[in-house]
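If you read the sequences in order, they're chains A and B. The opening position of the first sequence corresponds to residue -12 in our numbering, with each subsequent residue numbered one higher. The opening position of the second sequence corresponds to residue 105 in our numbering, with each subsequent residue numbered one higher. Each residue gets a CB set at the ideal place from its N, CA and C atoms; glycine is no exception. It should be emphasised that the depicted structure is a prediction, and the values quoted were computed from it without experimental measurement.
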Amino acid sequence: MKVTILQFPGTNCEYDTQHAFEQLGATTEIVWHKSETIPADTNLLVVAGGFSYGDYLRSGAIARFSPVMKAVIKYAENGGKVLGICNGFQVLTEAGLLPGALKRNDNLHFISKHHHLKVINNDNIFLEKLKKDSVVNIPIAHHDGNYFIDEAGLKDLESNNQILLQYTNADGEIQNPNGSISSIAGICNKEKNVFGLMPHPERAMELILGSDDGLAMLQGFCK
Amino acid sequence: MTTAIINVSLKAGVLDSQGKAVHHALDSLHFKGVNDVRIGKQIVLKLDTDDKTVAMSEVEKMCEDILANTVIEDYKIELI
């Protein structure tokens, strides 16, 4: 199992992500954004969290034009598995690999705290280790996590089982921290090989850090 | 030389939280009669060309490709 992790100027979760996947037995490689190729033996490509290009213009807007992104789009179009966490999710929506966009949080605050999430669909490799409707506890840390998609797009997400996770309370009732449409915390593409979420599973790998619910999420990729 | 002034703002129907907060602040300062506040950003470009038609088509392409995210934003271009 080889996990390739992208690093842009301003990425800051690449080492946490590397540590998390190595804990699960994967070999990892961090690839600088100037690279025009990604390692041929890549089983999973992760666009890690952070503040690529200082979030200038819009979060993820400039990273989307880095040299490596052409290879990422080609990899995804050929069925390769791609996971975008936080800023990575923003980059994937800007690149058109995932539908919708991420706006400034409704309360305009940077929100950094543990939050409960409900598993909405698990008929995909990312969440297959988790039960549908189960609740996990994963940290969020973002300023622009307010997911937006128009009505027609939302219907598509619903009918294709593309909504992965919703923000809830511990009982699985909707609790929306940032104003996201339908309280959406994570989605995938129609083909179910590109995944994006605002919460950070790589920061929930050990109980001593508050939660190890991220293990079951990332394990889905490490078969 | 042509100057392009581009205004990018959230589409009508997309909640503008910053605009809402500023609206609330104006209200607290007793500025009455403000019905709506929308906040956007302005991008100013200095272009080599003097040809406004060329400039417009170039700048439109820039807006579609990077300067605006047309999923949530509209843009208006003014050329001087």
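* Neighbour flag for B:GLN146 against chain A, beta carbons, 9 Å -> Not one beta carbon of chain A lies nearer than 9 Å to the beta carbon of B:GLN146.
* **9 Å Cβ cut-off: residues of chain B touching A:GLU145** => Neighbours of A:GLU145 on chain B: none; closest Cβ ~18 Å, over 9 Å.
* **Proximal residues to B:ASP152 (C-beta, below 7 Å), its chain only, five neighbours per side dropped** => Counting only Cβ-Cβ distances below 7 Å, and skipping sequence neighbours, we find MET105.
* Asked: Under the three-state reduction of DSSP, which class applies to A:TYR40: helix, strand or coil?
  -> Three-state DSSP puts A:TYR40 in a helix.
* **Anticipated Cβ contact below 8 Å, A:VAL55 with A:ILE(-8), distance rounded** => Incorrect: roughly 11 Å between the Cβ atoms, too far for contact.
* Asked: Is A:GLY173 helix, strand or coil by DSSP?
  -> Taken through DSSP and simplified to helix, strand or coil, A:GLY173 comes out as strand.
* Asked: Terminal residues of the continuous alpha helix (DSSP H) containing A:ASN195?
  -> Checking the sequence shown, residue 195 of chain A turns out to be Ile, not Asn. For A:ILE195, there is no enclosing alpha helix (DSSP H), as DSSP marks it with neither H nor E.
* Is any beta-carbon of chain A found at less than 9 Å from that of B:LEU149? -> So no, B:LEU149 is outside the interface.
* Mind listing which residues of the segment 110 to 122 of chain B have their C-beta closer than 8 Å to chain A's C-betas, in chain order? -> Residues of the segment 110 to 122 of chain B with a Cβ closer than 8 Å to any Cβ of chain A, in chain order: LEU114, VAL118, LEU119, SER121 and GLN122.
* To do: Kindly indicate which three-state DSSP category A:SER53 falls into: helix, strand or coil?
  => The three-state reading of DSSP puts A:SER53 in coil, since its state is none of H, G, I, E or B.
* Where the segment 164 to 182 of chain B meets chain A: residues whose CB sits under 8 Å from a CB there -> Using a CB distance below 8 Å, the part of the segment 164 to 182 of chain B facing chain A consists of ILE170, LEU171, ASN173, VAL175 and ILE176, ordered along the chain.
* For A:LEU11, I'd like the list of residues in its chain whose CB is within less than 7 Å of its CB, leaving aside the five on either flank, ordered along the chain. => Leaving aside the five residues that flank A:LEU11 on each side, the residues in its chain whose CB is nearer than 7 Å to its CB run, in chain order, LEU205, GLN206 and CYS209.
* Are the C-beta of B:ALA159 and some C-beta of chain A separated by less than 9 Å? -> When Cβ-Cβ separations below 9 Å define contact, B:ALA159 makes no contact with chain A.
* At a Cβ cut of 9 Å, what residues of the segment 52 to 81 of chain A count as close to chain B, listed as they run along the chain? -> Taking 9 Å as the Cβ-Cβ cut-off against chain B, the residues of the segment 52 to 81 of chain A that qualify are PHE52, THR80 and GLU81.
* Asked: Exposed or buried, what is B:PHE135 when buried is set at 16 or more other beta-carbons lying within 10 Å of its beta-carbon?
  -> Around the beta carbon of B:PHE135, a 10 Å sphere encloses fewer than 16 other beta carbons of the protein chains shown; the residue is thus reported as exposed.
* Host beta strand (DSSP E) of B:THR157 (start-end) -> It is not in any beta strand (DSSP E) - B:THR157 instead sits in the alpha helix (DSSP H) that spans 156 to 166.
* Between the CA atoms of A:GLY173 and A:GLU115 - distance to the nearest angstrom -> Distance between the alpha carbons of A:GLU115 and A:GLY173: 14 Å.
* Note down the Cα distance separating A:ALA128 from B:ILE170, rounded to an integer number of angstroms. => Distance between the alpha carbons of A:ALA128 and B:ILE170: 25 Å.
* To do: Output, in chain order, the set of chain B residues within a Cβ distance shorter than 9 Å of A:GLY87.
  => Here the neighbours are VAL175 and ILE176.
* Give the straight-line distance between the Cα atoms of A:ILE161 and A:LEU151, rounded to the nearest whole angstrom. => Computed Cα separation, rounded: 14 Å.
* Taking C-alpha atoms, which residue in A:ILE125, A:ASN163, A:LEU89 and A:ASN30 lies nearest to A:GLY75? -> Among A:ILE125, A:ASN163, A:LEU89 and A:ASN30, the Cα nearest to that of A:GLY75 belongs to A:LEU89.
* Neighbourhood of A:LYS119 by C-beta, 8 Å cutoff - its chain only, sequence neighbours within 5 removed -> VAL106, ILE107, ASN108 and ASN109.
* To do: Give the secondary structure of A:ALA63 by DSSP, where H, G and I count as helix, E and B as strand, and everything else as coil.
  => For A:ALA63, the three-state secondary structure derived from DSSP is helix.
* Limits of the unbroken beta strand (DSSP E) element including A:LYS118 -> Per DSSP, A:LYS118 is not a residue of any beta strand (DSSP E), being assigned neither H nor E.
* For A:ALA27 and A:ILE171, the rounded distance between their alpha carbons -> Straight-line Cα distance between these residues: approximately 33 Å.
* Excluding the 5 residues preceding and the 5 following A:GLY159 in the sequence, name in chain order all residues of the same chain whose CB lies nearer than 6 Å to its CB. => Taken in chain order, the residues that qualify are LYS105 and VAL122.
* May I have the straight-line CA-CA distance separating A:ARG91 from A:SER167, to the nearest angstrom? => Distance between the alpha carbons of A:ARG91 and A:SER167: 10 Å.
* **Distance, A:PRO164 Cα to B:ILE176 Cα** => Distance between the alpha carbons of B:ILE176 and A:PRO164: 20 Å.
* Asked: With a cut-off of 9 Å, does the C-beta of B:ALA108 fall near any C-beta of chain A?
  -> It does not: the Cβ of B:ALA108 has no partner Cβ on chain A nearer than 9 Å.
* **chain B residues whose Cβ lies nearer than 8 Å to that of A:LEU95** => A:LEU95 reaches chain B at SER121, GLN122 and ALA125, counting residues in chain order whose Cβ is nearer than 8 Å.
* Inter-stretch contact at 8 Å, needing at least 3 Cβ pairs: the segment 14 to 30 of chain A / the segment 56 to 74 of chain A -> Contact between the segment 14 to 30 of chain A and the segment 56 to 74 of chain A is established, with three or more Cβ pairs separated by less than 8 Å.
* Specify, as a first and last residue, the run of the beta strand (DSSP E) that A:GLN(-6) falls within. => Note, A:GLN(-6): beta strand (DSSP E), -11 to -6.
* For A:ALA48 and chain B, any beta-carbon pair shorter than 9 Å? -> Yes, A:ALA48 counts as interfacial toward chain B.
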